[in-house]
Structure formats: C-alpha cells, structure tokens
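J.:
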C-alpha cells in the first residue's frame with residue numbers, strides 16, 4: 124500500500140469520525156437542554 | 117529530511133482541517149435539516165391565507181389570540197383548529213406556533229393560537245386552573261371573530277405542546293360539553309394529565325418523606341390554584357382537589373378521540389402519568405393513539421421516525437374526525 128493510499132484512508136476515517144461526532148455533539152447538547160437520555164436526562 | 121518533515125506537517129494540518137470542517141458541516145446539517153422534509157411548513161402568502169393578530173378575548177393583558185384564515189372563503193362552514201403554546205405555564209407565546217398554524221390554514225382550516233396569562237412575577241396568582249378557564253372563556257370570542265370575518269365555524273379540534281397540551285386536554289375532556297361548537301378531537305405532546313406524586317419522579321416527589329410530600333403538595337397546590345396538603349394524597353379528597361387540572365379524571369366513554377406523544381425519558385413532566393392516561397382511554401374505548409418516544413425526553417428530540425409518525429397521525433386524525441368539506 125502506498126503512502127498516499129494510507130493517507131487517503133486516514134483522511135476518510137477522520138471525516139467519518141468527525142461527521143458522527145458532530146451529530147452526537149448536537150444530540151448531547153439537545154439532551155442537555157431538553158432533558159433527554161444523556162446521563163438519564165438528569166441535567167435539569 | 118526537511119521535505120519529509122514538511123509533508124508530514126502538511127498532512128497533519130490537512131487531517132485537522134478536515135476534522136474541523138466535517139464536524140462543523142455535520143453539526144449544521146443536524147441542526148438545520150427538517151426530518152419531515154418541510155412537509156408541515158408552507159411559504160406563507162395571501163394565496164394561502166391571512167392572519168389577524170392580537171385579537172382580544174378578555175380584559176387581561178395576555179387575553180389575545182391570532183386567527184389564521186384560509187384564502188378560500190367560499191365554503192359555508194369551516195373547521196377550527198386551536199393550538200396552545202408550550203412553556204411550562206410560565207413562558208411562551210402564540211407566535212411560536214405560527215408555522216403549524218400556517219400549515220393547518222393551508223389545509224383549509226381556520227386556525228387560532230391563543231395566549232393565556234402566564235404564571236410569573238407579575239401574575240403570581242396564575243395557575244393551570246386559571247389558564248384553563250381563560251382558554252374556555254376565549255372560545256366564543258374566537259368563533260365569533262371568525263364568523264365576523266366571514267368564516268362560519270361548525271366544529272373544532274384543539275391541540276398543544278407541553279403546557280399547551282395539558283390545557284388542550286382540559287378543554288377537550290372537561291369543557292367540551294360547553295363548547296360553542298362540537299369538539300372533534302384533541303392532539304398534543306408531552307402534556308401533564310395527572311398529578312400523583314408517585315408519578316412525578318422527575319422532581320423527586322415520589323419519595324416517601326415529609327419533605328417530598330410537602331414539595332408535591334406545594335407544587336400541585338400552585339398548579340391547581342388552591343391549598344393542597346400532603347395528608348390529602350391518596351384520598352378521594354385529593355382527586356377532587358386536582359380534578360379541575362387533571363385531564364385524566366375527566367376521561368369517560370364520551371371523551372373525544374385523542375392523539376398524544378410522550379418521551380420515555382421526560383424530566384419536565386412524568387412519562388408515568390401518560391401510561392395512566394393511555395390506560396384510561398383504553399378502558400373507556402376512546403379512539404386514541406399513544407406514541408411513545410423511547411429515546412427522547414421532553415423535547416421529543418431523539419426519535420425522528422416516531423415524531424414523523426406523530427405528525428402523520430395528526431393529519432390522519434384531522435382527515436378522519438374533522439375533514440375539510
């Protein structure tokens with residue numbers, strides 16, 4: 124596997140992780156605001 | 117060596133920038149994309165309808181309503197859909213429901229969003245009971261105003277969110293017999309429907325301690341607008357004291373069809389109370405749908421598919437119980 128292929132794979136993995144984390148961050152924030160499931164929704 | 121190091125640094129920078137950009141795009145998408153694809157919103161214009169704002173129904177400052185009238189004014193009669201705003205009985209405004217009212221108007225209904233006196237520093241006497249009575253008193257004015265503007269109302273439905281859902285259920289279950297026109301159905305989400313301390317775990321009122329019982333008595337007393345003492349819990353006297361604010365206690369075989377949605381992890385009002393309501397509606401054979409959002413709290417924020425189902429059901433209920441003729 125060439126170094127460039129490795130770098131592109133790492134880049135793809137980083138993009139996927141960032142995308143998932145972005146969605147999770149919003150969900151966590153909404154849960155914090157709205158008393159959702161995060162930590163049993165026990166923020167409020 | 118220098119070139120290799122520069123390449124490494126460059127790629128490190130690319131990785132960091134990629135992470136930041138994709139993360140930001142993901143957050144934006146999650147925040148802005150409407151899971152229903154805009155199905156329940158319309159581009160408001162005169163072609164859809166007109167809105168008359170801040171019409172008066174009483175003497176108090178908050179006794180105002182907005183009336184949404186469909187562009188087609190050729191029909192003999194119209195169905196009225198009333199929607200009551202959320203806000204924990206202490207905040208909120210009818211303007212927050214404009215999108216839903218516009219959508220309902222686009223379907224051919226006359227829509228009304230009604231304000232009620234909120235319990236705040238300026239109105240420490242306001243209670244769920246006084247708010248429910250204001251809603252009751254508003255209805256003849258809403259219908260008269262619609263008729264004055266050329267839209268004769270012959271039937272109505274009522275809905276709301278959270279506190280608004282509570283008030284909507286009270287009107288539909290408690291006051292429907294006195295309504296100026298027949299009430300066909302009630303719909304709403306996360307509205308408290310009963311006030312049993314054992315259900316209100318979200319505020320720790322279920323604990324068998326004097327402090328917990330005193331807290332429950334104070335909270336429910338404020339909501340009912342009357343004195344409640346902890347020794348009343350579990351007695352018929354208590355049910356009588358909170359009946360005027362407990363939609364559950366008005367359910368019988370004449371109760372109107374009901375659509376409701378609740379979050380299983382609600383920390384603002386008790387999910388457990390909705391189980392009682394579902395059981396009562398089932399017991400009396402009332403047509404109803406009880407949508408439980410397994411992963412959501414009060415904001416119904418984590419169950420997009422179930423929320424879409426709730427909206428679809430709302431449309432279905434309107435089509436069945438109050439079709440546009």
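Chains as they are written, first to last, in our numbering: chain A, 124 to 167; chain B, 117 to 441.
Cβ atoms here follow ideal geometry from the backbone N, Cα and C, with glycine treated the same way.
Cutting at 7 Å between CB atoms, please list the residues of its own chain near residue 251 of chain B, excluding the five before and the five after it.
T.: The residues are 200, 230, 232, 283, 287.
J.: How big is the Cα-Cα spacing for residue 423 of chain B and residue 126 of chain B?
T.: Going by the C-alpha atoms only, they are around 45 Å apart.
J.: What residues of chain B sit near residue 151 of chain A, judged by a beta carbon separation below 7 Å?
T.: Under the 7 Å cutoff, chain B gives no residues; its nearest Cβ is about 11 Å from residue 151 of chain A.
J.: For residue 434 of chain B, count neighbouring C-beta atoms within 10 Å of its own C-beta (all shown protein chains included) and say buried if the count is 16 or more, exposed if not.
T.: Result: buried.
J.: Under 8 Å: do the stretch 290–303 of chain B and the stretch 315–323 of chain B share three or more Cβ pairs, one atom per stretch?
T.: With the cut-off at 8 Å, the stretch 290–303 of chain B and the stretch 315–323 of chain B do not touch.
J.: What residues in the stretch 301–327 of chain B have a beta carbon less than 7 Å from any beta carbon of chain A?
T.: Cβ contacts with chain A: none found.
J.: Answer with buried or exposed for residue 340 of chain B, where buried requires no fewer than 16 other C-beta atoms within 10 angstroms of its C-beta.
T.: By the 10 Å Cβ count, residue 340 of chain B comes out buried.
J.: Could you name the residues of chain A that residue 131 of chain B contacts, counting a contact when the two beta carbons are closer than 9 Å?
T.: Result: 130, 133, 134, 137.
J.: Confirm the yes/no value for this check: CB of residue 263 of chain B, any heavy atom of the ligand PLP, distance under 7 Å.
T.: Judged by which ligands are present, the structure shown has none, so any question about the ligand PLP falls away.
J.: Per DSSP, what kind of secondary structure is residue 348 of chain B in: helix, strand or coil?
T.: Here residue 348 of chain B sits in helix by DSSP.
J.: Spell out whether any CB of chain A is found under 8 Å from the CB atom of residue 135 of chain B.
T.: Judged by the 8 Å Cβ criterion, residue 135 of chain B is in contact with chain A.
J.: According to the neighbour-count rule (16 or more other Cβ atoms, all chains shown, within 10 Å of its Cβ), is residue 393 of chain B buried or exposed?
T.: Buried, by the Cβ-count rule.
J.: Going by beta-carbon coordinates alone, are residue 228 of chain B and residue 285 of chain B separated by less than 8 Å?
T.: The answer is no: Cβ separation not under 8 Å.
J.: For residue 219 of chain B, return the contacting residues in chain A, with the cut-off set at a CB-CB distance below 8 Å.
T.: By Cβ distance, chain A contributes nothing, its closest Cβ being about 23 Å from residue 219 of chain B, past 8 Å.
J.: Provide the residue(s) that pair with residue 379 of chain B in DSSP beta bridges, ordered along the chain.
T.: In the DSSP output, where bridge partners are listed per residue, residue 379 of chain B has B/409.
J.: Consult DSSP for residue 165 of chain A and reduce its assignment to one of helix, strand or coil.
T.: Summary for residue 165 of chain A: the model assigns pLDDT 42, below 50, so the residue's position carries little reliability, and this model does not support an answer.
J.: Cβ closer than 9 Å: which chain A residues qualify as neighbours of residue 127 of chain B?
T.: The contacting residues are 130, 133, 134.
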